[in-house]
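Protein chains in written order, with this note's numbering: chain A, 272 to 352; chain B, 380 to 802.
For each residue, glycine too, the CB sits at the ideal point set by N, CA and C.
Inspection log for the structure reproduced underneath, given as structure tokens.
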Amino acid sequence: MADHCIIRVDGQLVAATSGESLAVALLRAGHFRFRESCSGQARAPVCGMGTCYECQVRVNGTWVRACLEPVRAGLEVHTDG
Amino acid sequence: MVEHVDVAVVGGGPAGISAAVASAAAGKRVCLLDEGSRPGGQIWRHRLGQVPDEAQSLLTKLDAAAVKVLFRASVFDVEDRQGSWRLTLSQGERRVAITAEKLVLACGARERFLPFPGWTLPGVMGAGGGQAFLKEGLELHGERVLVAGTGPLLLPVAASVGKAGGRVLAILEQTPWRRVLGMLPVLLAHPSKALQAAQLGRSLFGVPYRPGWWVQEAYGKDFLEAVRLTDGQREEVLECRWLFCGFGLVPNGELGVALGCAGTHAGLQVNKAQESSVNGIFAAGELCGVAGVDAALAEGAIAGLAAAGVWDAASVEGHRLVKARARARSTGRQLERIFALRPELRGLPRPETIICRCEDVPYGAIDPSWGSRETKLCTRAGMGPCQGRVCGPILIYQFGHTPDTVRIPYKTTPVGQLIAEEP
Ligand SMILES: Cc1cc2nc3c(=O)[nH]c(=O)nc-3n(C[C@H](O)[C@H](O)[C@H](O)COP(=O)(O)OP(=O)(O)OC[C@H]3O[C@@H](n4cnc5c(N)ncnc54)[C@H](O)[C@@H]3O)c2cc1C
Ligand code: FES
């Protein structure tokens with residue numbers, strides 16, 4: 272059964288499903304600027320499997336790869352968006 | 380405390396699961412490690428609770444077997460302890476150590492990306508990458524999607540786009556028609572694959588499949604807006620929201636190479652019992668060269684039995700596995716020839732096109748006369764968090780570089796864990 276929960280992304284509440292990939296939850300909520308590259312370009316997920324590091328965001332203060340991070344209720348997520 | 384097992388398996392895709400199940404059935408203490416948060420590797424991903432049918436029986440066996448499974452565990456160091464191996468892994472905030480008598484490497488493969496102007500725009504992702512997100516619940520609400528690159532994977536990706544509510548504008552396959560037709564004998568030799576292809580064909584009814592076409596440039600401001608495509612003579616511009624583009628797979632051989640196993644960037648070398656050139660290290664699946672899930676399953680079982688010391692090629696099961704492996708490997712080699720990359724793709728990047736996405740190194744900053752070391756030292760290409768896993772294969776394709784030696788840690792690891800006391 273889908274287990275809905277709420278996470279906070281850049282201060283805004285976003286509905287997601289517990290256990291799903293954080294990258295999918297962010298894309299669904301319309302976040303397309305996950306990180307800013309060192310020359311200031313917007314970057315979003317590419318590989319979907321933990322290889323490219325383009326999906327990095329901060330969760331509760333630490334950098335994680337959003338595609339490998341399962342959603343849990345109450346996650347505090349910061350993107351570079 | 381350091382846990383000790385007989386067999387440690389790195390990678391929980393079809394190859395790794397199959398190896399772990401086989402070793403455990405032979406009575407060994409087995410540990411299976413994977414970076415992800417569920418078993419199944421790149422192919423068996425699914426939204427919570429929905430296990431794909433073809434994976435069900437193996438996953439049930441894994442559940443029933445006495446295998447210790449660690450998820451979200453990135454193996455970042457392996458040390459030779461004279462007769463055993465000591466693995467260090469980072470698991471969230473924790474650092475864990477395991478020692479094992481034998482190692483089975485089943486790290487799979489990653490997608491190959493090639494650079495073209497605009498490929499770093501949000502909205503451009505891998506074909507397999509897109510597939511991964513679609514299987515995990517990305518919805519597309521009628522959005523326009525272009526699927527491009529090369530290989531048989533493009534077809535199931537396009538089918539998933541349709542299922543997720545997206546509109547596939549076309550599938551651009553860089554290989555020309557006359558080579559794509561080389562698939563026919565492969566399909567005829569594998570009735571089950573022909574059936575899958577027919578089912579795929581039906582779900583893709585009305586989607587233009589365009590061999591001999593490739594993407595030249597992606598346009599957009601903050602997000603992808605349009606794509607320019609070509610067949611070398613004609614050009615077209617298509618408006619689209621997403622581009623799922625991948626150019627086949629590259630084996631994740633880094634860990635094995637760093638441990639001294641013989642092999643190239645095309646895969647680790649193994650003998651008939653799936654043992655690498657290093658005693659006690661076995662390898663199976665996509666890591667030994669790209670050949671699909673059937674090769675992974677057969678090789679995983681052989682590696683698991685061999686690591687447990689009970690591999691017998693002359694047994695009934697042994698015969699079956701050897702035959703399955705030979706068949707799958709031969710198909711893999713045929714597909715590799717059919718979907719070989721065309722030389723025109725090398726001409727796509729412009730001087731300002733980014734090659735290393737981690738360090739934003741543009742194409743124009745790389746002197747074609749440099750080798751891989753010089754390129755790294757002079758530009759920082761390959762020095763970012765992905766450690767060259769994306770730009771490494773690009774540099775090999777673009778400039779003929781030989782792969783650089785592998786550094787420890789194999790995986791980007793929190794600094795605190797690298798300098799932590801021995802656990
Ligand atoms: C993005 C992507 C999507 C794909 N989609 C499809 C598809 O839809 N249909 C299809 O038929 N084929 C697909 N394939 C091909 C398919 O992956 C292979 O045919 C098959 O899964 C190979 O199995 P394997 O066990 O060798 O490797 P994999 O399934 O790749 O499993 C390898 C596992 O090792 C883990 N790993 C690697 N390094 C480490 C480390 N250092 N520490 C811990 N864990 C590690 C990875 O997390 C991964 O789970 C896809 C491939 C990719 C790359
Ligand atoms: S999308 Fe590549 S690491 Fe997450």
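>> Quick check: does the Cβ of R299 of chain A come within less than 7 Å of any heavy atom belonging to ligand 2?
In response: Reading the first sequence from its first residue, position 28 is the one you call residue 299 of chain A. It does not: the Cβ of R299 of chain A is nowhere closer than 7 Å to a heavy atom of ligand 2.
> So, A401 of chain B versus G683 of chain B, is the Cβ gap smaller than 8 Å?
Replying inline: Sequence index remark: in the second sequence, residue 401 of chain B carries index 22 (1-based). Sequence index remark: in the second sequence, residue 683 of chain B carries index 304 (1-based). For A401 of chain B and G683 of chain B, yes; Cβs fall inside 8 Å.
> Under a three-way DSSP split, which group does T554 of chain B fall into?
Replying inline: Position 175 of the second sequence, counted from the start, is the residue given in the question as residue 554 of chain B. Looking at T554 of chain B - three-state DSSP - the assignment turns out to be coil, as it is neither helix nor strand.
>> Restricting to runs no shorter than 3 residues, where is the beta strand (DSSP E) found entirely within the region 638-722 of chain B?
In response: 660-662
> In chain A, which residues lie less than 9 Å from S416 of chain B when you measure between Cβ atoms?
Replying inline: In the second sequence, residue 416 of chain B corresponds to position 37, counting from 1. Correct list: G290, S292, L339, E340 and P341.
>> My output table needs one value for C323 of chain A: the three-state DSSP class, helix, strand or coil.
In response: What you label residue 323 of chain A is simply residue 52 of the first sequence in a count that begins at 1. Reduced to three states, the DSSP call for C323 of chain A is coil.
> Which whole-angstrom value describes the C-beta separation of L647 of chain B and A488 of chain B, a residue pair presumed to lie in contact below a C-beta threshold of 8 Å?
Replying inline: As a position in the second sequence, residue 647 of chain B is number 268, starting the count at 1. As a position in the second sequence, residue 488 of chain B is number 109, starting the count at 1. No, L647 of chain B and A488 of chain B are not in contact; Cβ-Cβ is about 11 Å, not under 8 Å.
>> Using a Cβ-Cβ cutoff of less than 6 Å, which residues in the same chain neighbour I778 of chain B once the five nearest sequence positions on both sides are dropped?
In response: Along the second sequence, read from residue 1 onward, the residue named residue 778 of chain B stands at position 399. One point to set straight first is that residue 778 of chain B is Phe, not Ile, in the sequence displayed. Excluding sequence neighbours, F778 of chain B sits near P747.
> What distance in whole Å lies between the Cβ atoms of M320 of chain A and Q421 of chain B, which are believed to be in contact at a cut-off of 8 Å?
Replying inline: For the purposes of this step, residue 421 of chain B is taken as the residue at position 42 of the second sequence. For the purposes of this step, residue 320 of chain A is taken as the residue at position 49 of the first sequence. About 6 Å; that satisfies the 8 Å criterion.
> What runs of the beta strand (DSSP E), each 3 residues or longer, lie entirely inside the region 487-524 of chain B?
Replying inline: 488-490
>> Quick check on DSSP: helix, strand or coil for R546 of chain B?
In response: Numbered from its first residue, the second sequence carries residue 546 of chain B at position 167. Looking at R546 of chain B - three-state DSSP - the assignment turns out to be strand.
>> So, for R712 of chain B: in the same chain, excluding its five sequence neighbours on each side, which residues have a beta-carbon less than 7 Å away from its beta-carbon?
In response: Mapped onto the second sequence, residue 712 of chain B falls at position 333. Same-chain partners within the cutoff: there are none.
> Counting only beta-carbon atoms, is D601 of chain B nearer than 8 Å to chain A?
Replying inline: Taking the second sequence and counting its residues from 1, one reaches residue 601 of chain B at position 222. Taking Cβ atoms only, chain A reaches closer than 8 Å to D601 of chain B, which makes this a yes.
> Under 8 Å Cβ-Cβ, which residues of chain A neighbour E338 of chain B?
Replying inline: The structure shown does not extend to residue 338 of chain B, since chain B spans only 380 to 802, so no value can be given for it.
> Does the beta carbon of R336 of chain A fall short of 7 Å from some heavy atom of ligand 2?
Replying inline: What you label residue 336 of chain A is simply residue 65 of the first sequence in a count that begins at 1. It does: the Cβ of R336 of chain A is within 7 Å (strictly closer) of some heavy atom of ligand 2.
>> Less than 7 Å separating the Cβ of T322 of chain A from some heavy atom of ligand 2?
In response: For the purposes of this step, residue 322 of chain A is taken as the residue at position 51 of the first sequence. Yes, since a heavy atom of ligand 2 falls inside the 7 Å radius drawn around the Cβ of T322 of chain A.
> Residues of chain A with a CB under 7 Å from the CB of Q421 of chain B: which are they?
Replying inline: The count along the second sequence starts at 1 and reaches residue 421 of chain B at position 42. M320, listed in chain order.
>> Does the CB of E801 of chain B have a neighbour CB from chain A at under 8 Å?
In response: Position 422 of the second sequence, counted from the first residue, corresponds to residue 801 of chain B. In this prediction, E801 of chain B scores a pLDDT of 48, lower than 50, which makes its location untrustworthy; the coordinate-derived value is nonetheless stated afterwards. No, because no Cβ of chain A sits closer than 8 Å to the Cβ of E801 of chain B.
> Along chain A, in chain order, which residues have C-beta atoms closer than 9 Å to that of V769 of chain B?
Replying inline: As a first step, residue 769 of chain B must be located in the second sequence, where it is residue number 390. In chain order: V317, C318, T322, C323, Y324 and E325.
> Using a Cβ-Cβ distance under 8 Å, would R329 of chain A count as near chain B?
Replying inline: Indexing the first sequence from 1 puts residue 329 of chain A at position 58. Not one chain B Cβ lies under 8 Å of R329 of chain A.
> How far does the beta strand (DSSP E) with A387 of chain B in it reach, from first residue to last?
Replying inline: Along the second sequence, one-based indexing puts residue 387 of chain B at 8. E382 to V389 is the extent of the beta strand (DSSP E) around A387 of chain B.
> Going by beta carbon distance, what residues of the same chain come within less than 6 Å of E414 of chain B, once the five residues before and after it are set aside?
Replying inline: Numbered from its first residue, the second sequence carries residue 414 of chain B at position 35. These residues qualify, in order along the chain: S453.
>> Comparing C-alpha positions only, which one of B:V672, B:G505, B:A719 and B:T478 sits nearest to V381 of chain B?
In response: Here the question's residue 381 of chain B lines up with position 2 in the second sequence. Selected option, being the one with the closest Cα: B:T478.
> Taking the DSSP output, what are the residues bridged to W334 of chain A?
Replying inline: Reading the first sequence from its first residue, position 63 is the one you call residue 334 of chain A. According to DSSP, W334 of chain A bridges with A:R329.
> When we look at the beta-carbon of R424 of chain B and count the other beta-carbons within 10 Å, is it buried (16 or more) or exposed?
Replying inline: Within the second sequence, the letter at position 45 stands for residue 424 of chain B. Looking at its Cβ environment, which holds 16 or more other Cβ atoms inside 10 Å, R424 of chain B is buried.
> In chain B, which residues lie with their C-beta within 7 Å of the C-beta of V295 of chain A?
Replying inline: The residue given as residue 295 of chain A occupies position 24 in the first sequence. In chain order: F512, E515, G516 and L517.
> Does the distance from the C-beta atom of P496 of chain B to that of A313 of chain A stay below 8 Å?
Replying inline: Within the second sequence, numbered from 1, the residue matching residue 496 of chain B stands at position 117. Within the first sequence, numbered from 1, the residue matching residue 313 of chain A stands at position 42. Contact: no.
> Since G505 of chain B meets chain A, which of its residues come closer than 7 Å, beta carbon to beta carbon?
Replying inline: In the second sequence, residue 505 of chain B corresponds to position 126, counting from 1. Per Cβ cutoff of 7 Å: V317, C318 and G319.
>> Taking 7 Å as the limit between beta carbons, can you name the residues of its chain near Q470 of chain B, skipping five residues before and five after?
In response: One-based indexing of the second sequence puts residue 470 of chain B at position 91. Taken in chain order, the residues that qualify are L449, R451 and A452.
> Name the chain B residues whose beta carbon is nearer than 9 Å to that of C309 of chain A?
Replying inline: Taking the first residue of the first sequence as 1, we reach residue 309 of chain A at position 38. Residues of chain B passing the Cβ test: C737, E738, D739 and G763.
>> Nearer than 7 Å: is that true of the beta carbon of G352 of chain A relative to any heavy atom of ligand 2?
In response: Taking the first sequence and counting its residues from 1, the one referred to as residue 352 of chain A is at position 81. No, since every heavy atom of ligand 2 falls outside the 7 Å radius drawn around the Cβ of G352 of chain A.
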